[in-house]
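Below is one structure; the comments refer to it alone.
Protein chains: 2
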Amino acid sequence: MSMEQKIKGSTRDYSYQLLRNKIMHLEIEPGTKISEKEIANELNVSRTPVREAFMKLAEEELLDIIPQSGTIVSRINLRHVEEGRFIREKIEKEIVALACGQFGDDFRFRMEANIAMQEVCASQNNVCKLYELDEEFHQILFEASGKQRTWKMLQQLNIHFNRLRLLRLSKDSHWEHIIQQHKEMYQLIIRQEKEQAVQIMENHLRLVVIEQDMLKEKYPHYFI
Amino acid sequence: MSMEQKIKGSTRDYSYQLLRNKIMHLEIEPGTKISEKEIANELNVSRTPVREAFMKLAEEELLDIIPQSGTIVSRINLRHVEEGRFIREKIEKEIVALACGQFGDDFRFRMEANIAMQEVCASQNNVCKLYELDEEFHQILFEASGKQRTWKMLQQLNIHFNRLRLLRLSKDSHWEHIIQQHKEMYQLIIRQEKEQAVQIMENHLRLVVIEQDMLKEKYPHYFI
DNA sequence: CAAACCAAACTACCATACTAGTTATACTAG
DNA sequence: CTAGTATAACTAGTATGGTAGTTTGGTTTG
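So the sequence lines, in the order shown, correspond to chains A and B. Take 1 as the starting number for the first sequence in full-length UniProt numbering and just add one per residue. Take 1 as the starting number for the second sequence in full-length UniProt numbering and just add one per residue.
So this is what it looks like as C-alpha cells:
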C-alpha cells in the first residue's frame, strides 16, 4: 500500500509516524531490539529526528529506552490493558450519556458515513481501514460531547489496549457483531435512550476481554 | 530553597524538571517567549537536552512551539481546565468507590502520615509543599485501587487544571476546608461508606470551579 | 572445565555546526 | 509620509562528531 510515501511534515514526524505504524501493526515485533543509528540509516535521515521520535514513542510506552544500552519494542502489558480498558469503559459510558443530549446534524452525517464505510470494509476484508473506522466511530462520540481532548488522552492511555485490539482484529474476524453494536448504539443515541445506549457501550468495550487468553496463548512472547 | 541543585538524572531530565517547575509555579509567566538557545545558556547545557525538554513540555501543552519561529509558554486554557476537571471527577468517583473495598494497612499508614503533614504545612503556610501533599493524597487513592497508571495519565490531562489549582492555592488560603474534606473522605473510606465518600469527592473536585472567575479577572493575561 | 577479567564493539547521550524558514527592521520608491 | 521590499537577525529543524556507560565475547587464570 506504500503508506510510507504519504506521510508529510517534519522529518521527526515522518520517522515517528512510520515507526509507530510498524509497531502497532506488528511489522516490528514486541521485544525486538532496535537502535537510533540502525533506523536512521534505514530511513535515510540523521539520528536526531529518529532519536526524538524514539523519545515520543517511549513516552507512549511503545518503546523501552535503556540509557547507554539499547532500545526495545515494548511487550504488551496486560495489566496496562486492563487498567486502560477499565478507565475507557467508565469514561465512555459518561460520553455516550452526554452524546444522547447533544448530537447535532453534522455529527449525524459523519456517523452515518462512518457506519456505511464500516460495512463496505467488512465486505472487502479491509481490516486495517476497519480498525481506523472503529476508532473514528468512538472519536465522533467524544467530539459530539465536546470532549475531544479526552479522546486524545484516552488514546495514549490505551495504546496497549489498542495493540491488543488490532492484533485481535487481524487474526479473528467476527466484525459483524461489532458493527451491529455500533449501529444499535447510534440509533439509541439519536433516540436519546440513554440507559440502553450506555449498556450497549459497556458490552461493546468488554468484548476484548474474552479473547485475551486466546491471544496470549497464541503469541506468548508478545505479552508481559 | 534551591531546588535546582537537587535534581538528578540526565541533563535532559534536569532541564525538563527545572522548566516544568518554573512554569507551574509561574516563575515564567504564561505568554512569555523563550528560546532553546536562551534557556541552554541559562542552564549551562547544550541545546540538545533543552530542545528535548521543550518537546516533552509541548506534548503536555505547557509550551507552544511554532516551527522555525519561536516558543511561548502556553496560557491556561479554561476549556481544557473544565474538560479535565470533568473527567477527573468521573474517574475519581470510581476510584474512591474502589478504594472503599480495598484499602490495606500500608496505604492507611501513608494516608495518615500524609494528612498529618498537611496540617503541619497549613499551620506554617507552606503552600508549595501543601500542594504536593494534596497531589499525594489523591495519588494514594489511585494506587490503593491498583490504578497508578491512570493517575499518571490524569496528571497529564489536567496540567491546565493543576496550574489553576496552584495559582489559587498561592493567592487564596482557605485550605482548612480542603484538609477537612480530605479527613472526612479518609474516614468514610476505611468505614467503607461508599456513597458518602463518593459524594464528598464530587464536592471536593468542584471547589475550584467557583473561584475560577475571580482568578480570571485578576490575571486576565494568564488565560485563554 | 569454570569463573573471572579484560578489551572491543556496541548503545544512548550530549555538544556543536549548519540549514531552512520566519520575523523584524531599515531602506527605498512612490 | 506611507507602502512595499530587500536584508539582516532571529527561530527551530537537522546532521554529525565525540563521550561515557553497557553489553558481549574471547582470553586468561584458578
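Using N, Cα and C, we set each Cβ at its ideal position, and we do this for glycine too.
Let me see if you follow: with CB-CB separation under 8 Å, is residue i close to chain A or not?
i, result
"T71 (chain B)", "no"
"I224 (chain B)", "no"
"I87 (chain B)", "yes"
"I91 (chain B)", "yes"
"E94 (chain B)", "yes"
"E59 (chain B)", "yes"
"E193 (chain B)", "no"
"E143 (chain B)", "no"
"M153 (chain B)", "yes"
"residue 273 (chain B)", "No answer is possible for residue 273 (chain B): the residues shown for chain B start at 1 and end at 224."
"T11 (chain B)", "no"
"S2 (chain B)", "Because the pLDDT at S2 (chain B) is just 35, under 50, the model does not fix this residue reliably, and the value given afterwards should be weighed accordingly. No, S2 (chain B) does not count as interfacial toward chain A."
Under 8 Å between the Cβ atoms of residue i and residue j?
i, j, result
"V96 (chain B)", "F161 (chain B)", "no"
"L26 (chain A)", "A53 (chain A)", "no"
"residue 225 (chain B)", "E83 (chain A)", "As displayed, chain B neither begins before 1 nor continues past 224, which places residue 225 (chain B) out of reach and without an answer."
"L78 (chain B)", "T71 (chain B)", "no"
"N114 (chain B)", "F137 (chain B)", "yes"
"L169 (chain A)", "Y131 (chain A)", "yes"
"C100 (chain B)", "I189 (chain B)", "yes"
"Q102 (chain A)", "A144 (chain A)", "yes"
"I159 (chain B)", "E60 (chain B)", "yes"
"residue 246 (chain A)", "L154 (chain A)", "Nothing in the structure corresponds to residue 246 (chain A), since chain A is present only between 1 and 224."
"L205 (chain B)", "E92 (chain B)", "yes"
"V50 (chain A)", "I65 (chain A)", "no"
"M111 (chain A)", "Y186 (chain A)", "yes"
"I28 (chain A)", "K22 (chain A)", "yes"
"I140 (chain A)", "F107 (chain A)", "yes"
"Q181 (chain A)", "I200 (chain A)", "yes"
"E119 (chain B)", "I179 (chain B)", "yes"
"residue 225 (chain B)", "L166 (chain B)", "What is shown of chain B runs 1 to 224, which leaves residue 225 (chain B) out entirely."
"S10 (chain A)", "V45 (chain A)", "no"
"L164 (chain B)", "I76 (chain B)", "yes"
"K194 (chain B)", "K90 (chain A)", "no"
"P30 (chain A)", "S69 (chain A)", "no"
For residue i and chain B, any beta-carbon pair shorter than 8 Å?
i, result
"Q156 (chain A)", "yes"
"H138 (chain A)", "no"
"R149 (chain A)", "yes"
"E202 (chain A)", "no"
"V209 (chain A)", "no"
"H80 (chain A)", "yes"
"E83 (chain A)", "yes"
"M55 (chain A)", "yes"
"E52 (chain A)", "yes"
Just to confirm the assignment, what range does the beta strand (DSSP E) spanning residue i have?
i, result
"V73 (chain B)", "70–73"
"I178 (chain B)", "Here I178 (chain B) belongs to no beta strand (DSSP E); instead the alpha helix (DSSP H) covers 175–190."
"L166 (chain A)", "Not the beta strand (DSSP E): L166 (chain A) falls in the alpha helix (DSSP H), residues 159–171."
"L63 (chain A)", "63–66"
With DSSP as the reference, please indicate the residues paired to residue i in a beta bridge.
i, result
"F223 (chain A)", "A:I76"
"K33 (chain B)", "B:I72"
Starting from residue i, follow the alpha helix (DSSP H) in both directions and report where the run begins and ends.
i, result
"I39 (chain A)", "36–43"
"E202 (chain B)", "194–218"
"L57 (chain B)", "47–59"
"I28 (chain A)", "That residue, I28 (chain A), is in no alpha helix (DSSP H); it is neither H nor E in DSSP."
Just to check, is the beta-carbon of residue i closer than 7 Å to a non-hydrogen atom of the ligand ATP?
i, result
"I140 (chain A)", "The ligand content of the structure shown is nil, which means the ligand ATP is not present either."
Worksheet entry | Segments of 3+ residues assigned as beta strand (DSSP E) that fall wholly inside the stretch 76–141 of chain B | Secondary structure remark: continuous beta strand (DSSP E) runs of at least 3 residues inside the stretch 76–141 of chain B: none found.
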